[in-house]
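Accompanying notes for the structure given below.
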Amino acid sequence: MTSHDVTLEWPDGRTRTIAVREDETVLEAAERVGIALPFGCRTGACGTCTGRLLEAEGTEPGDGAGNSGGVDIEAAFAHRRPPRAFKDRHREDGYVLLCIASPRTSCRIAVGSSVHTELMENPWK
Amino acid sequence: MSDVSTPEGVEPEHDHEHHHDHEGPGYATPQAAIEESEREKLAYVMSLYVGTDVDAPDFVSVVDLDPDSDTYCEIVDRIELPNRGDELHHFGWNACSSSCHMEGLERRHLIVPGQRSSRIHVIDAADRRNPELETVIEPEEVFEHDLSAPHTVHCIPDGKILISMLGDADGELPGGFLELNDDFEIEGRWEPPGEIEMNYDYWYQPRQNVMVSSEWAAPKTYYPGFDLEDVEAGNYGQRLHFWDWEDGTVEQTIDLGEEGLIPLEVRFLHTPESTHGFVGAALSSNVFHFWRDDDAGEYRAEKVIDFESREHDDWDMPVPALPTDILISMDDRYLFGSNWLHGEVWMYDVSDPSNPRRADSLSVGGTFGEIQEVQGRELAAGPQMVQLSLDGERLYWTTSLFSSWDEQFYPEEGERGSVMLKADVDPRKGTMELDEDFLVDWGECPEGPARAHEIRWPDGDCTSDVWQ
């Protein structure tokens, strides 16, 4: 089974690169090698495991029209199920649900609980 | 495993003279609960790490509430659960006073669901200070019934357990109710699927053959956090459903309108004859009174408390109060609640439930609280889940709402952890006073700061006991 190098980058600067098979999710691969990532429902509904795609091999800036990093989330990952936790704007901004997403190319992802907190802001402040 | 068949070796619930036909758990009447209960000496508190970078599962805290104890205000035991990612939220007992005539049944097992994981834990609390995890119902077993996101747990008479479920197996609508048998196995769905769309909290009044349920939203809507776009799109609830308790079917639905947005905790009065109750509409910052109009043969609901939004220099828009939790004292005289964003706990005299009278309030924590630290410990959020002693003289609260919502409104709650605070209540005068000697701090947990949510006493409390 084909695997891809997925580099996980935490806000504190720590990075780990793991080989993720195309038939497993990033969360499953991380658990397999003993790396703790945040997660909740494991069905794509809660967003707790949210990562943000920083760079994907084979995609040029501008490939994914509208997404901020210029990387195409749909080309980089296959989702097992619909990412229900996301609004359209989240997908366009390059967010990925690591509990249901399997890589299709090597990539770098921002991970850690703070990525999830970027999804929603205080609407009154 | 059934609590009906293994009563031996368990501490008695209370050592009073038993009522003539009182053989089971709890108390014969609400008044008996007030008179016969001892002061609460332990609390069980939902404690969580979900959504943080702490690599540890959520846990149940056992908190020492005995002022004469050397470990007063400390977390004296932690029941760690086997998996990360649960988001412990609400929980309940396998049996309560609704089964007080069930000989041999005991209030012994805590049913502790994971809101995000849909995993259901059964904890044996026969040893009140050192409960042990006994059984785990895995999410896949729950999903088989096309349900997810377990919320309110009530025992129902005869040893069965009913859990409100907020979504289907995919985290979408409709939600429903899951029934467990007295061996803690899934019995199936309690109601015919599709009676309701949204679900949240519920309460039942068996003598009136009625259950009432409220509405939050689909799990996929509230899990990631609060988004005003979802309010505009109608993705948040504003209805109450009144059920035929025996048939498990909805008899009547009341749309509370824009003033009833996000009706969360819903409580009937404790008196089993009563058809009166209250529900807090969190987003609209209102409390509704509901009651059965016997002449019309149906339930009615009316807004009776309205918390005004307040201007704050650091906020772009007026800050809503967000009353996220309410409870009714065991004598049905007072309604207590919390305004999480404003930073307030309040008590209203509801002797006349149609006309609540503000008795007292405390301004503590939150955005506007006059008291922003206790014992030098800064408060990171406002009062949230409340619990009252059975005698109505001590009100306790924690400060976390829901991990992803905490992050939006009080990001420091995750960094510092939650606290549990207490007010001394004078029910005769209708006053509250913050007990500054009382502080339980989840910021000092060994693996890192944790959040704290719902509170229960070992021998029944004002938010779980029902009388048949």
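Quick mapping for you: the protein sequence lines, in order, are chains A and B.
If you count by my numbering, then the first sequence holds residues 1 to 125, one letter each, in order.
If you count by my numbering, then the second sequence holds residues 1 to 468, one letter each, in order.
Backbone N, C-alpha and C fix where the C-beta goes; we use that ideal spot for every residue, glycine too.
Remember, it's a predicted structure, so these values are computed and weren't measured experimentally.
_Close-in-space but distant-in-sequence residues of the same chain around Ala-423(B) (CB under 7 Å, 5 per side omitted)_ = Only Val-345, Leu-362, Leu-395, Met-432, Glu-433, Leu-434 and Asp-435 meet the Cβ criterion.
_Contact criterion: CB-CB distance below 9 Å. Does Gly-66(A) meet it with respect to chain B?_
Because the pLDDT of Gly-66(A) is 43, which lies under 50, any placement of that residue in the model is unreliable, and the question is left without a value.
*Cross-strand partners of Tyr-202(B) (DSSP beta bridge)*: According to DSSP, Tyr-202(B) bridges with Ser-213(B).
*Do we get a CB-CB distance below 9 Å when we pair Met-317(B) with the residues of chain A?*
By this cut-off, Met-317(B) is an interface position.
*Quick one: measure Cβ to Cβ for Pro-411(B) and Thr-399(B), integer angstroms, because I've assumed they're closer than 8 Å.*
About 13 Å separates the beta carbons of Pro-411(B) and Thr-399(B), which is beyond the 8 Å limit, so they are not a contact pair.
*Taking Cβ to Cβ, would you say Glu-24(A) is nearer than 9 Å to Arg-32(A)?*
For Glu-24(A) and Arg-32(A), yes; Cβs fall inside 9 Å.
*Measure the C-alpha to C-alpha separation of Ile-196(B) and Asp-183(B) and round it to an integer number of angstroms.*
One C-alpha to the other measures close to 28 Å.
*Give me whichever residues DSSP pairs with Met-165(B) in a beta bridge.*
Note: Met-165(B) sits in a beta bridge opposite Pro-150(B) and Gly-176(B).
_Taking the alpha carbon of Arg-14(A) as the reference point, which residue from Ala-36(A), Ser-3(A) and Thr-2(A) has its own alpha carbon closest?_
Nearest of Ala-36(A), Ser-3(A) and Thr-2(A) to Arg-14(A), Cα basis: Ala-36(A).
_Does chain A have any CB closer than 9 Å to the CB of Val-50(B)?_
It does: the Cβ of Val-50(B) has a partner Cβ on chain A nearer than 9 Å.
*Would DSSP call Lys-429(B) helix, strand or coil?*
The answer is coil: DSSP assigns Lys-429(B) none of H, G, I, E or B.
*Apart from the five residues just before and just after Arg-416(B), which ones in its own chain have a Cβ nearer than 6 Å to its Cβ?*
Closer than 6 Å at the Cβ level, and outside the excluded window around Arg-416(B), lie Ala-380, Gly-443 and Pro-449.
*Going by Cα to Cα distance, which pick from Arg-239(B), Cys-100(B), Leu-256(B) and Glu-232(B) is closest to His-469(B)?*
No answer is possible for residue 469(B): the residues shown for chain B start at 1 and end at 468.
*Residues of chain B with a CB under 8 Å from the CB of Thr-7(A): which are they?*
Under the 8 Å cutoff, chain B gives no residues; its nearest Cβ is about 18 Å from Thr-7(A).
_For Phe-59(B): DSSP bridge partner residues_ = Beta-bridge partners assigned by DSSP to Phe-59(B): Ser-47(B) and Glu-80(B).
*asked:* With a threshold of 9 Å between beta-carbons, can Glu-51(A) be considered close to chain B, or not?
replied: Note that residue 51(A) corresponds to Gly in the displayed sequence, not to Glu. No, its Cβ sits nowhere closer than 9 Å to a Cβ of chain B.
*On the three-state DSSP scale, how would you describe Val-231(B)?*
In the structure shown, Val-231(B) sits in a helix (DSSP, three-state: H, G or I).
*Under a Cβ-count criterion, where at least 16 other Cβ atoms within 10 Å of its own Cβ denotes burial, should Arg-89(A) be classed as buried or exposed?*
Result: exposed.
*Beta-carbon neighbours of Arg-116(B), restricted to chain A and to distances below 7 Å*: Per Cβ cutoff of 7 Å: Gly-40, Cys-41, Cys-46 and Thr-48.
_Pairs of beta-carbons, one from the stretch 140-159 of chain B and one from the stretch 56-64 of chain B, closer than 8 Å: are there three or more?_
Not touching, per the Cβ criterion.
*Which residues in chain B sit within 9 Å of Ala-29(A), going by Cβ to Cβ distance?*
Taking the beta carbon of Ala-29(A) as reference, no residue of chain B falls within 9 Å; the closest one sits roughly 16 Å away.
*Inspect the CB distances between the stretch 243-260 of chain B and the stretch 277-288 of chain B and report whether three or more fall short of 8 Å.*
Yes, the stretch 243-260 of chain B touches the stretch 277-288 of chain B.
*Under 8 Å by Cβ, that's how I've got Arg-108(A) and Thr-7(A) pegged, so tell me the actual separation to the nearest angstrom.*
Confirmed, about 4 Å.
*Pick helix, strand or coil for Thr-17(A), following the three-state DSSP scheme.*
In this structure, Thr-17(A) counts as strand in the three-state DSSP scheme.
*If you drop the 5 nearest sequence neighbours on each side, which residues of the same chain put their C-beta closer than 6 Å to that of Thr-275(B)?*
Short of 6 Å from the beta carbon of Thr-275(B), and not among the five residues preceding or following it, lie these beta carbons of its own chain, in chain order: Gln-208, Trp-291 and Arg-292.
*State yes or no: is the beta carbon of Pro-193(B) nearer than 9 Å to at least one beta carbon in chain A?*
Pro-193(B) has a beta carbon lying at 9 Å or more from every beta carbon in chain A.
*CB-CB under 6 Å to Asn-286(B), same chain, minus the five flanking residues each way: which ones, in chain order?*
Around Asn-286(B): Glu-259, Lys-303 and Asp-306.
*Around the Cβ of Asp-15(B), are there at least 16 other Cβ atoms within 10 angstroms (buried) or fewer (exposed)?*
The predicted position of Asp-15(B) is uncertain, since its pLDDT is 44 and thus under 50; a value taken from the coordinates is nonetheless stated next. Looking at its Cβ environment, which holds fewer than 16 other Cβ atoms inside 10 Å, Asp-15(B) is exposed.
*asked:* Any beta carbon of chain A sitting closer than 9 Å to that of Pro-139(B)?
replied: It does; some Cβ of chain A falls within 9 Å.
*Could you give the DSSP three-state label for Gly-260(B): helix, strand or coil?*
In the structure shown, Gly-260(B) falls within a helical segment according to DSSP collapsed to helix, strand and coil.
*Partner residues on chain B for Glu-121(A), Cβ-Cβ distance less than 8 Å*: By Cβ distance, chain B contributes Gln-408.
*Please classify Phe-278(B): does DSSP put it in a helix, a strand, or coil?*
Correct three-state label for Phe-278(B): strand.
*asked:* For Pro-113(B), which residues in the same chain have their Cβ closer than 6 Å to its Cβ, ignoring the five residues on either side in sequence?
replied: These residues qualify, in order along the chain: Ile-120 and Pro-150.
*Per DSSP, what kind of secondary structure is Ala-359(B) in: helix, strand or coil?*
In the three-state reduction of the DSSP assignment, Ala-359(B) falls in the strand class.
*Exposure of Met-317(B), with buried meaning 16 or more beta-carbon neighbours within 10 Å*: By the beta-carbon neighbour count (other beta carbons within 10 angstroms, threshold 16), Met-317(B) is exposed.
*May I ask you to report which of helix, strand or coil DSSP gives Asp-88(A)?*
Looking at Asp-88(A) - three-state DSSP - the assignment turns out to be helix.
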